[in-house]
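See below for the structure under consideration.
In our numbering, the protein residues as written are 837 to 1268.
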């Protein structure tokens, strides 16, 4: 399916002008421990030592003109765990990424990105796909569709109009059977319940106004629809649909030549259109806030050191929990470019639901996870223009709500990784 889609895109790009062919691969080796033996989020688990090998060959097309740029990349991930599943077959995931950027004139800009993937997932990979989500779905096969677009128009020297579009669709089979080797199939093994199907669409128009050379204000009005089907109410499957309105006001100010702060405040109003459980609170009115501080700490001719600190809250309709939560997050990041070949980073994040602890979806289930801490340290060496080597470590751990009576950290992931990334040409830097 993805190969035929790439063929169609190739024909379309070829009709517009010269098209470059791209090819490459990502080869990754990881060793560490990951929780196993859990069929539902938050279940008590034990950490198992694992060695993971993954290869992702990719092919793509790229076209760049004076006013536009387009790219399409198709990839197949082959994921294998020789320790402890030496005799198990690999897991496969197909992905297609496309992007388009247009600058028709100096005042206007538009870009669109589409991504689709279908295949078999592993618990250790889900945490990278559901970024910032404490509770992971108990899935093995997953269809994911994402679309994101933004447009801007400079109305005057001080005023810029913007429009942000985003859509996400997640779907799994109605019920999955996980074989004893950890792969999806029809053989003997563990039967997992369906993960809720989620569809999320948001449209956010905005206005940015320059107060002076160092300060900008922005007013945004987000309109979104969240639809979740298949989550548990008692012993039956249910559907909910929520319409959200998110007015917000922000300020971006340059504190100095090397430091910038961005602060956003607003609220989320949630109107429940379909509610199968009248006792479930979908949080009709919640605060929305965010503050970020970006700094340039050090710079020479070939090296830089940057940092960023951020914290905020947001309303979120969690498809796994089947509930709305007020989610708070803090994060810190440090990025260093050390000469022409070396770069390094450090990222730490803490996510927690600020609402009262959620009850289990069914009687007898354990309390779901609502808290997560993450730390990762990647180091990259640019061997050549076609080959990068990256290595480092990653740590993730989860827990129930901070106010839960049985709060305890569990489901720990700890990894050391080595990754080789090769391509026929260097990807173009994103344009701002």
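Just so it is clear, CB atoms sit at the ideal spot from N, CA and C, and this is done for glycine as well.
This structure is a prediction, so every number in the text was calculated from the model and none was measured.
For residue i and residue j, what's the separation of their Cα atoms in angstroms?
{"i": "residue 986", "j": "residue 1192", "result": "35 Å"}
{"i": "residue 894", "j": "residue 926", "result": "18 Å"}
{"i": "residue 1256", "j": "residue 966", "result": "24 Å"}
{"i": "residue 898", "j": "residue 906", "result": "6 Å"}
{"i": "residue 1062", "j": "residue 1153", "result": "7 Å"}
{"i": "residue 1196", "j": "residue 1032", "result": "15 Å"}
{"i": "residue 1175", "j": "residue 859", "result": "27 Å"}
{"i": "residue 902", "j": "residue 1248", "result": "49 Å"}
{"i": "residue 1162", "j": "residue 1122", "result": "7 Å"}
{"i": "residue 1036", "j": "residue 904", "result": "28 Å"}
{"i": "residue 979", "j": "residue 1075", "result": "19 Å"}
{"i": "residue 1114", "j": "residue 924", "result": "45 Å"}
{"i": "residue 1110", "j": "residue 973", "result": "23 Å"}
{"i": "residue 875", "j": "residue 1203", "result": "Its pLDDT being 39, under 50, residue 875 is placed unreliably by the model, and the measurement read from it follows with that caveat. Cα to Cα, residue 875 sits roughly 13 Å from residue 1203."}
{"i": "residue 1226", "j": "residue 1002", "result": "31 Å"}
{"i": "residue 1205", "j": "residue 917", "result": "26 Å"}
{"i": "residue 1117", "j": "residue 1078", "result": "12 Å"}
{"i": "residue 981", "j": "residue 909", "result": "15 Å"}
{"i": "residue 1059", "j": "residue 1040", "result": "6 Å"}
{"i": "residue 1157", "j": "residue 1083", "result": "26 Å"}
{"i": "residue 1251", "j": "residue 1231", "result": "6 Å"}
{"i": "residue 1164", "j": "residue 1124", "result": "10 Å"}
{"i": "residue 1245", "j": "residue 1209", "result": "10 Å"}
{"i": "residue 1056", "j": "residue 1000", "result": "10 Å"}
{"i": "residue 839", "j": "residue 1234", "result": "Any reading at residue 839 must be qualified, since the residue scores a pLDDT of 49, below 50, and its modelled position is unreliable; the value itself is stated next. For residue 839 and residue 1234, the distance between alpha carbons rounds to 38 Å."}
{"i": "residue 1181", "j": "residue 1132", "result": "14 Å"}
{"i": "residue 1334", "j": "residue 1170", "result": "Here the chain covers residues 837 to 1268 and nothing more, so residue 1334 does not appear."}
{"i": "residue 862", "j": "residue 1258", "result": "7 Å"}
{"i": "residue 1238", "j": "residue 1185", "result": "16 Å"}
{"i": "residue 1188", "j": "residue 900", "result": "42 Å"}
{"i": "residue 866", "j": "residue 1223", "result": "19 Å"}
{"i": "residue 996", "j": "residue 891", "result": "43 Å"}
{"i": "residue 1218", "j": "residue 1254", "result": "14 Å"}
{"i": "residue 1105", "j": "residue 1240", "result": "26 Å"}
{"i": "residue 1220", "j": "residue 1173", "result": "16 Å"}
Buried or exposed: where does residue i fall if 16 or more other Cβ atoms within 10 Å of its Cβ makes it buried?
{"i": "residue 963", "result": "buried"}
{"i": "residue 1155", "result": "buried"}
{"i": "residue 856", "result": "exposed"}
{"i": "residue 882", "result": "exposed"}
{"i": "residue 920", "result": "exposed"}
{"i": "residue 868", "result": "buried"}
{"i": "residue 1178", "result": "exposed"}
{"i": "residue 871", "result": "buried"}
{"i": "residue 1093", "result": "exposed"}
{"i": "residue 886", "result": "buried"}
{"i": "residue 934", "result": "buried"}
{"i": "residue 941", "result": "exposed"}
{"i": "residue 922", "result": "exposed"}
{"i": "residue 1242", "result": "exposed"}
{"i": "residue 945", "result": "buried"}
With DSSP as the reference, identify every bridge partner of residue i, one or two as the case may be.
{"i": "residue 1089", "result": "1051 and 1097"}
{"i": "residue 1232", "result": "1210 and 1249"}
{"i": "residue 893", "result": "861"}
{"i": "residue 886", "result": "868"}
{"i": "residue 916", "result": "889"}
{"i": "residue 1172", "result": "1141 and 1180"}
{"i": "residue 1220", "result": "1223"}
{"i": "residue 939", "result": "According to DSSP, residue 939 bridges with nothing at all."}
{"i": "residue 960", "result": "Paired residues: none, contrary to the question."}
{"i": "residue 952", "result": "932 and 981"}
{"i": "residue 992", "result": "None, per the DSSP bridge assignment."}
{"i": "residue 1063", "result": "1035 and 1077"}
{"i": "residue 1084", "result": "1056 and 1102"}
{"i": "residue 1243", "result": "DSSP lists no partner for residue 1243."}
{"i": "residue 947", "result": "937 and 986"}
{"i": "residue 1189", "result": "1163"}
{"i": "residue 1004", "result": "982 and 1036"}
Let me make sure I understand the geometry here. Which of the options has the alpha-carbon closest to that of residue i?
{"i": "residue 889", "options": "958, 930, 940 and 932", "result": "958"}
{"i": "residue 1008", "options": "1235, 993, 955 and 1104", "result": "955"}
{"i": "residue 1054", "options": "1093, 1043 and 891", "result": "1043"}
{"i": "residue 1269", "options": "1073, 1120, 947 and 984", "result": "Residue 1269 lies beyond the stretch modelled for the chain, which goes from 837 to 1268, so this question has no answer here."}
{"i": "residue 929", "options": "952, 938, 940 and 936", "result": "952"}
{"i": "residue 947", "options": "960, 983, 971 and 976", "result": "983"}
{"i": "residue 968", "options": "996, 1159 and 1211", "result": "1211"}
{"i": "residue 915", "options": "932, 941, 976 and 1102", "result": "976"}
{"i": "residue 1048", "options": "1219, 1091, 932 and 1137", "result": "1091"}
{"i": "residue 884", "options": "1139, 936 and 960", "result": "960"}
{"i": "residue 1051", "options": "1065, 864 and 1086", "result": "1086"}
{"i": "residue 1046", "options": "1089, 936 and 1065", "result": "1089"}
{"i": "residue 990", "options": "943, 949, 1072 and 1004", "result": "943"}
{"i": "residue 1098", "options": "1159, 1146 and 931", "result": "1146"}
{"i": "residue 1166", "options": "1207, 931 and 993", "result": "1207"}
Could you pull out every unbroken beta strand (DSSP E) segment of at least 3 residues lying fully inside the stretch 1098-1161, listed in chain order?
-> 1121-1135 and 1140-1154
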